[in-house]
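A.B. asks: Structure provided below as structure tokens; questions to follow.
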Amino acid sequence: MALFAEGTTDYRFLNSLIQRTASRILQRHSMSSVDVSELQNIHSGTGLSRVERILRAAQKAHGYHLLLLHADSDARSRDDAWSERIEPGMTRALNESKSGTNLCESMAPVIPVRMTESWMLADPETLIDVIGARTTVSVPMLPDNPLEVERIADPKGTLRAVLNFLLGGRKHRRRRDFNVGNLYEPLARSISIDRLERVPAFRSFQMELTASLRALHFI
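Counting from 1, position 158 in the sequence shown corresponds to residue 157 in numbering that gives the first Met the number 0; the numbering is continuous, with no gaps.
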């Protein structure tokens with residue numbers, strides 16, 4: 000699979016998470032053993048419209064089974080993000096394919112509400128473990144119910160607040176060196192998918208990925 004994401008940090012979290020999710024779906028539904036390789040990160044340059052960037056990403060992903068297209072919904076609904084930021088580019092790419100352009104025709108959306116960092120807040124126990132803070136104190140800015148992460152207006156700011164809450168009183172080198180950027184890759188490798196499945200936008204992504212794997216006859 001290949002991934003076209005909005006930002007550098009999105010790749011660092013979504014790459015491993017999508018790979019793990021695909022493996023989980025295949026384990027549940029596939030009648031045969033299927034290996035899921037690490038995703039190929041696709042970058043399509045700057046100075047282009049969103050439609051043109053998706054078209055270029057699809058061209059670069061030619062030969063891959065599936066291209067995942069990421070767009071944060073920000074404060075808008077998931078449906079708005081789909082219709083405004085993904086569907087027009089997919090339509091353009093498929094039309095180009097009909098005209099003979101070589102590209103990846105199988106595409107699926109990845110649309111977190113409100114942003115990728117929202118999903119990172121869905122599993123407080125693993126997040127605290129990745130930060131390396133041994134604490135029995137409840138972290139007030141982390142919701143107990145994963146459903147609530149989509150109501151957090153500033154997920155990235157909440158991650159910074161969690162770091163400050165857990166490590167802010169420490170004056171040694173670890174506090175100076177640790178920042179939100181350190182969280183993406185290790186959290187993607189260990190975050191609970193069971194917890195994420197309780198987040199509506201993640202469930203929607205999981206359903207889209209399942210449908211794509213079924214259309215590709217892997218399940």
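Cβ atoms here follow ideal geometry from the backbone N, Cα and C, with glycine treated the same way.
If we ignore side chains and look at the alpha-carbon of each, how far apart do L93 and V161 end up?
C.D. replies: Residue 93 sits at position 94 when you count from the first residue of the sequence shown. Residue 161 sits at position 162 when you count from the first residue of the sequence shown. Each residue's Cα considered, the two are about 43 Å apart.
A.B. asks: Can you tell me whether S72 is buried or exposed? The criterion is at least 16 other CB atoms within 10 Å of its CB, across all chains shown.
C.D. replies: Start at 1 with the first residue of the sequence shown, and residue 72 comes out as number 73. By the neighbour-count rule (16 or more Cβ atoms within 10 Å), S72 is buried.
A.B. asks: In three-state DSSP terms, what is M0?
C.D. replies: As a position in the sequence shown, residue 0 is number 1, starting the count at 1. Correct three-state label for M0: coil.
A.B. asks: Where does G88 land, buried or exposed, given buried means 16+ other C-beta within 10 angstroms?
C.D. replies: Within the sequence shown, the letter at position 89 stands for residue 88. Classification for G88: buried.
A.B. asks: Between the alpha carbons of L54 and F201, how many angstroms are there, rounded?
C.D. replies: In the sequence shown, residue 54 corresponds to position 55, counting from 1. In the sequence shown, residue 201 corresponds to position 202, counting from 1. The straight-line gap from Cα to Cα measures roughly 25 Å.
A.B. asks: Can you name, in chain order, every residue of its own chain whose Cβ lies under 7 Å from the Cβ of Y63, other than the five neighbours on each side?
C.D. replies: The sequence position of residue 63 within the sequence shown is 64, counting from 1. Closer than 7 Å at the Cβ level, and outside the excluded window around Y63, lie M0, A1, Q39 and C103.
A.B. asks: Closer than 8 Å is the cut-off here; do at least three beta carbon pairs connect the segment 20–36 with the segment 79–87?
C.D. replies: No, the segment 20–36 does not touch the segment 79–87.
A.B. asks: If we call anything under 8 Å between Cβ atoms a contact, is F164 one with V148?
C.D. replies: Position 165 of the sequence shown, counting from 1, holds the residue named residue 164. Position 149 of the sequence shown, counting from 1, holds the residue named residue 148. Their beta carbons are not under 8 Å apart, which means F164 does not touch V148 by this criterion.
A.B. asks: Distance check for G6 and G44, CA to CA, integer angstroms please.
C.D. replies: Sequence index remark: in the sequence shown, residue 44 carries index 45 (1-based). Sequence index remark: in the sequence shown, residue 6 carries index 7 (1-based). Computed Cα separation, rounded: 12 Å.
A.B. asks: Take F12 and list the residues in its own chain whose beta-carbon comes closer than 6 Å to its own, dropping the five residues that flank it on each side.
C.D. replies: In the sequence shown, residue 12 corresponds to position 13, counting from 1. So the list reads T115, Y183 and A187, once near-sequence residues are dropped.
A.B. asks: Considering Cα atoms alone, identify which of D9, F3 and L16 is closest to K155.
C.D. replies: By one-based count along the sequence shown, residue 155 stands at place 156. For the residues D9, F3 and L16, the minimum Cα distance to K155 belongs to D9.
A.B. asks: Using the C-alpha atoms, what's the distance from S22 back to A60?
C.D. replies: Position 61 of the sequence shown holds residue 60. Position 23 of the sequence shown holds residue 22. Approximately 20 Å between the Cα atoms of the pair.
A.B. asks: Per DSSP, P108 forms a beta bridge with which residues?
C.D. replies: The residue given as residue 108 occupies position 109 in the sequence shown. For P108, which the question treats as bridged, DSSP gives the partners L68.
A.B. asks: How about I110 and A70: are their beta carbons less than 8 Å apart?
C.D. replies: By one-based count along the sequence shown, residue 110 stands at place 111. By one-based count along the sequence shown, residue 70 stands at place 71. For I110 and A70, yes; Cβs fall inside 8 Å.
A.B. asks: Given a cut-off of 8 Å, decide if R213 and P145 are closer than it, judged by their beta-carbon atoms.
C.D. replies: Looking up residue 145 in the sequence shown gives position 146. Looking up residue 213 in the sequence shown gives position 214. Result no, Cβ atoms of P145 and R213 do not sit closer than 8 Å.
A.B. asks: I need the straight-line Cα distance from R49 to R75, nearest angstrom please.
C.D. replies: Here residue 49 refers to the residue found at position 50 when the sequence shown is read from its first residue. Here residue 75 refers to the residue found at position 76 when the sequence shown is read from its first residue. Answer to the nearest angstrom: the Cα atoms are 17 Å apart.
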